[in-house]
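The sequence shown lines up with residues 824 to 926 when you count with the working numbering. These notes concern the structure reproduced below.
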Amino acid sequence: MVKSELIARLAERNPHLYQRDIERIVTTIFDEISAALSRGERVELRGFGAFSVKRRPARTARNPRTGASVQVTEKHIPFFKTGKELRESLNKPGTPAASDPTK
Numbered sequence: 824m825v826k827s828e829l830i831a832r833l834a835e836r837n838p839h840l841y842q843r844d845i846e847r848i849v850t851t852i853f854d855e856i857s858a859a860l861s862r863g864e865r866v867e868l869r870g871f872g873a874f875s876v877k878r879r880p881a882r883t884a885r886n887p888r889t890g891a892s893v894q895v896t897e898k899h900i901p902f903f904k905t906g907k908e909l910r911e912s913l914n915k916p917g918t919p920a921a922s923d924p925t926k
C-alpha cells in the first residue's frame, strides 16, 4: 500500500471527513515520525511497532565488479520493529499473510 492508497482507504471508511483533511493528517503523522527519527528519537506506536535509528559504522568494503577496496562512511538507517499485537495478527492461522510464504 502506498500513501495515496492509505488516504483513499481512510476517506472511504470516514465519509464524514474531507479527503484533503485526511491527506493533511496522514502527511503530518509521517512528517512527525521523520522529524523525530532525524533528531535521534524513537517513535513507538503501541500494538503496531517502533521506529528507531541504527548506526552503521564506517568500514572498508569491496567493489563487487572490480574487487577494489572502497571506504564506506558511517551511516544512520531507519529501523522498524513490529509490535507484539501486529506480529501475532500476521501469524494467526487463516490469515493470508500466514498462509502464503511469498507475501
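Just so you know, even glycine gets a beta-carbon here, dropped at the ideal spot from N, CA and C.
Supposed close pair F874, V866 - CB separation, criterion 8 angstroms: 4 angstroms
I'd like to know if the region 873–888 and the region 896–911 are in contact, where contact means that at least 3 CB-CB pairs between them fall below 8 angstroms. At 8 angstroms Cβ cutoff, the stretches touch.
Pop quiz: A834 and I845 are said to be a contact at Cβ under 8 angstroms. What is the actual Cβ separation, rounded to whole angstroms? A834 to I845, Cβ: 5 angstroms. Contact.
Cutoff 7 angstroms; reference G872; Cβ partners in own chain excluding five residues on either side: F903, K904, T905, G906, L909
Do you know offhand how far P838's Cα is from A884's? Within the model, the alpha-carbon separation for P838 versus A884 is close to 53 angstroms.
Could you tell me whether the Cβ atoms of I856 and Q842 are closer together than 8 angstroms? no
Euclidean distance between Cα positions of G917 and T896: 45 angstroms
Kindly indicate the opening and closing residues of the alpha helix (DSSP H) around E855. 842–861
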